[in-house]
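Sequential numbering of the sequence shown, starting at 453, is according to this note's numbering.
By construction, the Cβ of each residue, glycine as well, lies at the ideal position given by its N, Cα and C atoms.
Quick caveat, the model's predicted, so the values are computed rather than measured.
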Amino acid sequence: MTKILVADDEADLEVLIKQKFRRQIRDSKYNFVFALNGNEALDIINEDPEIEIVLSDINMPGMDGLSLLGKLNEVSPVIKTVMVSAYGDMDNIRSAMNKGAFDFICKPVNFQDLEVTIEKTIRHVLRSKKPCKL
Numbered sequence: 453m454t455k456i457l458v459a460d461d462e463a464d465l466e467v468l469i470k471q472k473f474r475r476q477i478r479d480s481k482y483n484f485v486f487a488l489n490g491n492e493a494l495d496i497i498n499e500d501p502e503i504e505i506v507l508s509d510i511n512m513p514g515m516d517g518l519s520l521l522g523k524l525n526e527v528s529p530v531i532k533t534v535m536v537s538a539y540g541d542m543d544n545i546r547s548a549m550n551k552g553a554f555d556f557i558c559k560p561v562n563f564q565d566l567e568v569t570i571e572k573t574i575r576h577v578l579r580s581k582k583p584c585k586l
């Protein structure tokens, strides 16, 4: 099971994610945890070392997604972050990618694209856990 933290101040996103990924949740493939801002997300990550992927909105109150991304790199370089941003916000998307985001998706969220992105990120996380063969 892959534990995924979603940090987004839009509360309805939690309902949509739970609805769109209900099969994967039921089959224990994905376990989603939710935070409304970067501060909450960081607290959850500090308490739960099993989180492997973070989906983070860029624009949130309190600690925004770019600040969270910087903190995540300090706390756990193993966690992969997928940034979520409004379509056309290329300056913030480029900034996130330059700060180490693994990937990004645009709002409004296309859930088929989100699933492809999550699966790609999971494969990367799993490969990074395997010991290197020399």
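So residue i and residue j are in contact, right, with Cβ under 8 Å, and what is the actual spacing, rounded?
{"i": "Ile505", "j": "Ile456", "result": "5 Å"}
{"i": "Pro513", "j": "Asn489", "result": "5 Å"}
{"i": "Ile510", "j": "Asp461", "result": "About 11 Å separates the two Cβ atoms, so there is no contact after all."}
Residues in its own chain within less than 6 Å of residue i by CB, not counting five upstream and five downstream?
{"i": "Ala487", "result": "Ala459, Ala493 and Ile496"}
{"i": "Ile545", "result": "Ser537 and Phe556"}
{"i": "Lys472", "result": "Phe563"}
{"i": "Asp464", "result": "none"}
{"i": "Glu466", "result": "Phe486"}
Does residue i come out as helix, strand or coil in the three-state DSSP assignment?
{"i": "Ser508", "result": "strand"}
{"i": "Ile503", "result": "strand"}
{"i": "Phe563", "result": "helix"}
{"i": "Met515", "result": "coil"}
{"i": "Val568", "result": "helix"}
{"i": "Met453", "result": "coil"}
{"i": "Lys481", "result": "coil"}
{"i": "Ala493", "result": "helix"}
{"i": "Gly522", "result": "helix"}
{"i": "Asp541", "result": "coil"}
{"i": "Val577", "result": "helix"}
{"i": "Lys551", "result": "coil"}
{"i": "Ile531", "result": "coil"}
According to DSSP, which residues form a beta bridge with residue i?
{"i": "Val458", "result": "Phe486 and Leu507"}
{"i": "Val536", "result": "Asp509 and Ile557"}
Tell me which same chain residues have a C-beta within less than 8 Å of the C-beta of residue i, skipping the five on either side of it?
{"i": "Lys551", "result": "Leu518, Leu521, Gly522 and Asn525"}
{"i": "His576", "result": "Lys532 and Phe554"}
With the cut-off set at 8 Å, would you say residue i and residue j are in Cβ contact?
{"i": "Phe484", "j": "Ile503", "result": "no"}
{"i": "Thr569", "j": "Lys532", "result": "no"}
{"i": "Asn491", "j": "Met453", "result": "no"}
{"i": "Ser508", "j": "Met549", "result": "no"}
{"i": "Ser480", "j": "Val530", "result": "no"}
By Cβ distance below 7 Å, which residues in the same chain neighbour residue i in space, the five residues on each side in sequence not counted?
{"i": "Asp565", "result": "Ile557"}
{"i": "Gln476", "result": "Tyr482"}
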